[in-house]
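In the numbering used here, the protein residues as written are 4 to 295.
Even for Gly, the Cβ is constructed at its ideal location relative to N, Cα and C.
What follows is a single structure, written as structure tokens, with notes after it.
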């Protein structure tokens, strides 16, 4: 019998750590367990914290025995874990803003609840952002069911940074926006295979945005507005991660990191109400402000 799980306290969780992992979840107990299992196997970044915020329709996903066991495994390995509920739902951006407010760490990893990280991923991401000094770095997620679906026409969008990333103002309809074509399916795995990097090597490349696994310098994310735009968008939206990353890119720059250790579980989405693209609203406001 699985004993009751201690959720932890928000006051006790906030600390001056190097890294916190922020996970929003809804109706995905099995996927959450896999995501937490990936974190529990990470090494090289001691003492990182984990915040899980649940918006499930019924009981919270983290009470499922498999997920609860991974929470206990993380704590046993020295990682503080805070388990919360955020109801009623007020949209994806509000949920991410709430998670961000729970952390006082230098870096925050926004990790979706359907992504497994292979061992060594956190260490590589933290190393990369420390060396590059930009606003964020990320690992685009691989869809392994597409491993045999090679799309060479997308590979031309891969372009490495020479030196530290610089700020970029990126908008739809530009070549820079099309960089996102390198991320669907297993495209990035195919690019990585062609590079044939030696063990331990990594490369930083230019992006427009990255979904699923993005490590931010928390202060730079907050300085760029974070996810506070949630108050200005309809709650039935998507693209909140795109809006935040475009703001950080414009001020501090950002990069994708290859190889990626992030694997998408390819489960059906739990975000079925997608009436608004948050980034479209935010960009329209910014462009209008510049015209005034």
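Are the CB atoms of residue 240 and residue 278 within a distance shorter than 8 Å?
yes
Just reading off the beta strand (DSSP E) that residue 27 is part of, what are its end residues?
22-28
Pick from 21, 60, 69: whose alpha carbon is nearest that of residue 49?
21
Residue 258: first and last residue of the uninterrupted beta strand (DSSP E) it sits in
257-261
CA-CA distance, residue 66 and residue 152?
37 Å
Can you tell me which of 285, 274, 118, 261 puts its alpha carbon nearest to the alpha carbon of residue 130?
261
Simplified DSSP assignment, three categories, for residue 163:
strand
What residue does the beta strand (DSSP E) around residue 51 start on, and which one ends it?
Where residue 51 is concerned, there is no enclosing beta strand (DSSP E), given that its DSSP letter is neither H nor E.
Could you spell out where the alpha helix (DSSP H) holding residue 74 opens and where it closes?
68-79
Using the rule of at least 16 other Cβ atoms within 10 Å of the residue's Cβ for burial, across every protein chain shown, is residue 145 buried or exposed?
buried
If you follow the beta strand (DSSP E) that residue 87 is in, where does it begin and where does it stop?
84-88
Residue closest to residue 39, alpha-carbon to alpha-carbon, out of 119, 58, 27, 83:
119
Once you ignore the five residues that flank residue 45 on each side, which residues in its own chain have a CB closer than 8 Å to its CB?
51, 120, 122, 123, 124, 125, 126
Name the DSSP beta bridge partners of residue 207, please?
260
Excluding five sequence neighbours on each side, which residues of the same chain lie with their C-beta closer than 7 Å to the C-beta of residue 5?
68, 71
Look at the Cβ atom of residue 257, then the Cβ atom of residue 138, and state whether they are nearer than 8 Å.
yes
Please tell me whether residue 16 and residue 105 are closer than 8 Å, where the distance is taken between their beta carbons.
yes
With respect to the beta strand (DSSP E) encompassing residue 265, which residues constitute its N-terminal and C-terminal limits?
265-267
With a threshold of 8 Å, are at least 3 pairs of Cβ atoms found where one atom belongs to the region 202-220 and the other to the region 74-83?
no
If you check the beta carbons only, do residue 73 and residue 36 fall under 8 Å apart?
yes
Three or more C-beta pairs under 8 Å: does that hold for the region 225-240 against the region 278-291?
yes
Measuring alpha carbon to alpha carbon, tell me which residue in 116, 294, 193, 142 is nearest residue 269.
116
Measuring alpha carbon to alpha carbon, tell me which residue in 232, 254, 189, 171 is nearest residue 100.
232
Please return the same chain residues whose Cβ sits closer than 6 Å to the Cβ of residue 113, not counting the five positions on each side in sequence.
25, 217
Around the Cβ of residue 157, are there at least 16 other Cβ atoms within 10 angstroms (buried) or fewer (exposed)?
buried
Quickly, what does DSSP pair residue 232 with across the bridge? List them, please.
BP columns for residue 232 are empty, so no partner.
Excluding the five sequence neighbours on either side, which residues of its own chain have a C-beta within less than 7 Å of the C-beta of residue 273, listed in chain order?
29, 30, 31
First and last residue of the beta strand (DSSP E) that includes residue 1?
Outside the displayed span of the chain (4 to 295) sits residue 1, for which this structure offers no information.
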